[in-house]
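Q: Take the sequence shown: its letters are residues 1 to 258, numbered as in my numbering.
Beta carbons are placed, not taken as given, at the ideal position from N, Cα and C, and that holds for glycine.
Attaching a single structure in structure tokens format; questions to follow.
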Amino acid sequence: MNNMHSSFVGGVFLSLLLVASMFGIFSLNEIVAQEKVVSAKSIGFEETTIIEFENNGNSDIETFRIWLGADNSFKSFKTEKGWTGEKTPQGVIIFTATDPIKPGQSVKFGVKTDKTQPGINWKAVDKNSNELQIGKTLVTESPSKPIIKNGKPTSSGDAGILSDSKFRLIPDKPNVGGTIRVTGEQFSSNQEFKLYVNKQFLESFETDENGHFMLTTKIPEGKVDRVDFIVKDNQGNEKTISIRLGGEEARMAEEDVK
Numbered sequence: 001m002n003n004m005h006s007s008f009v010g011g012v013f014l015s016l017l018l019v020a021s022m023f024g025i026f027s028l029n030e031i032v033a034q035e036k037v038v039s040a041k042s043i044g045f046e047e048t049t050i051i052e053f054e055n056n057g058n059s060d061i062e063t064f065r066i067w068l069g070a071d072n073s074f075k076s077f078k079t080e081k082g083w084t085g086e087k088t089p090q091g092v093i094i095f096t097a098t099d100p101i102k103p104g105q106s107v108k109f110g111v112k113t114d115k116t117q118p119g120i121n122w123k124a125v126d127k128n129s130n131e132l133q134i135g136k137t138l139v140t141e142s143p144s145k146p147i148i149k150n151g152k153p154t155s156s157g158d159a160g161i162l163s164d165s166k167f168r169l170i171p172d173k174p175n176v177g178g179t180i181r182v183t184g185e186q187f188s189s190n191q192e193f194k195l196y197v198n199k200q201f202l203e204s205f206e207t208d209e210n211g212h213f214m215l216t217t218k219i220p221e222g223k224v225d226r227v228d229f230i231v232k233d234n235q236g237n238e239k240t241i242s243i244r245l246g247g248e249e250a251r252m253a254e255e256d257v258k
């Protein structure tokens with residue numbers, strides 16, 4: 001009788017262990033699957049933060065909701081093209097896409113807060129209003145201010161030259177030995193750059209907080225030829241304008257007119 005009782009208890013115990021282990025496996029798989037739905041990271045400088053979400057799941061994401069702790073609040077926000085934002089009376093910002101982001105795609109938002117380096121709570125929702133994931137991202141400090149250009153939040157980091165960076169010369173047809181003004185826009189903010197003519201260094205300069213610069217420099221004396229004016233950042237990225245310089249006679253005539 002005791003043996004039968006022991007066998008029964010042992011069988012029940014093994015069954016419970018089996019059920020518990022299966023539940024643990026299912027729960028672990030569910031957690032792992034949930035972790036893969038959305039990834040979030042943010043980078044900030046002072047009160048400005050860029051937060052990026054990537055869709056790692058299988059569903060399109062239509063809405064992101066973000067909110068802060070009780071001791072902080074949003075002052076303003078920016079979205080990428082194709083997204084709208086709304087700040088509720090409760091302090092929650094709701095970003096909604098006209099075209100939901102598909103698996104493998106990502107989106108960035110820019111926010112300005114009362115305090116620096118906030119912890120940003122977020123929720124991702126699909127087009128059927130199903131909650132996909134809730135999380136919180138802590139801000140990593142950037143060495144330079146994140147900027148927003150053409151409606152697209154961008155983290156400048158150490159990169160100086162961006163895809164839409166551009167500069168020009170004034171006058172646009174300079175002469176050998178002449179003085180020119182160089183202006184640029186849509187570069188990373190507060191970054192150092194160098195200006196060259198071909199391989200000859202001319203000037204060092206920095207952009208302002210809006211990614212703009214303006215400087216005056218002198219073109220070296222030399223023969224009339226086609227040259228490259230090059231703006232280069234500290235990582236070796238560059239933007240180039242190729243022009244043919246005018247002769248000294250044209251420069252002298254220009255100076256006489258002045």
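Contact between the region 122-135 and the region 61-74: three or more CB pairs below 8 angstroms?
A: yes
Q: So what does residue 68 bridge to, in DSSP terms?
A: Answer is none; residue 68 lacks a bridge partner.
Q: Among residues of its own chain, excluding the 5 on either side of residue 238, which ones have a beta-carbon nearer than 7 angstroms to its beta-carbon?
A: Result list for residue 238: 161, 230, 231 and 232, in chain order.
Q: For residue 114 versus residue 75, is the C-beta spacing smaller than 8 angstroms?
A: yes
Q: When the distance is taken between beta carbons, is residue 120 closer than 8 angstroms to residue 66?
A: yes
Q: What's the gap between the Cα of residue 187 and the Cα of residue 212?
A: 7 angstroms
Q: Tell me the rounded alpha-carbon separation between residue 225 and residue 245.
A: 6 angstroms
Q: Determine the direct distance from the alpha carbon of residue 181 to that of residue 193, and round the result to whole angstroms.
A: 15 angstroms
Q: So, at 8 angstroms on beta carbons, what are the nonlocal neighbours of residue 103 in its own chain, with the 5 sequence-adjacent residues on each side left out?
A: These residues qualify, in order along the chain: 55, 56, 57, 58, 59 and 60.
Q: Check for me: the beta strand (DSSP E) holding residue 121 runs from which residue to which?
A: Here the beta strand (DSSP E) through residue 121 covers 119-126.
Q: Measuring alpha carbon to alpha carbon, tell me which residue in 68, 169 and 48 is nearest residue 122.
A: Closest option to residue 122, Cα to Cα, is 68.
Q: Excluding sequence positions up to five away, which residues of its chain have a Cβ less than 6 angstroms from the Cβ of residue 228?
A: 198, 240 and 242
Q: Given this structure, state the Cα-to-Cα distance separating residue 108 from residue 202, to the nearest angstrom.
A: 37 angstroms
Q: Assign residue 235 to buried or exposed, taking buried as 16 or more other Cβ atoms, counted over all protein chains shown, within 10 Å of its Cβ.
A: exposed
Q: Between which residues of its own chain and residue 92 is the CB-CB distance below 6 angstroms, once the five residues before and five after are set aside?
A: 65 and 67
Q: Given this structure, state the Cα-to-Cα distance separating residue 206 from residue 215, to the nearest angstrom.
A: 10 angstroms
Q: Tell me where the beta strand (DSSP E) around residue 94 begins and ends.
A: 93-101
Q: Using the C-alpha atoms, what's the distance from residue 44 back to residue 110?
A: Taking the straight line from one Cα to the other gives about 9 angstroms.
Q: Determine the DSSP secondary structure at residue 243, reduced to helix, strand or coil.
A: strand
Q: Does DSSP put residue 85 in a helix, in a strand, or in coil?
A: Note: residue 85 maps to strand in three-state DSSP.
Q: For residue 170, count neighbouring C-beta atoms within 10 Å of its own C-beta (all shown protein chains included) and say buried if the count is 16 or more, exposed if not.
A: exposed
Q: Can you grab the Cα-Cα spacing for the pair residue 195 / residue 50, in whole Å?
A: 30 angstroms
Q: Just the Cα atoms here: how many angstroms apart are residue 71 and residue 164?
A: 38 angstroms
Q: Please state whether the Cβ-Cβ distance between residue 219 and residue 184 is less than 8 angstroms.
A: no
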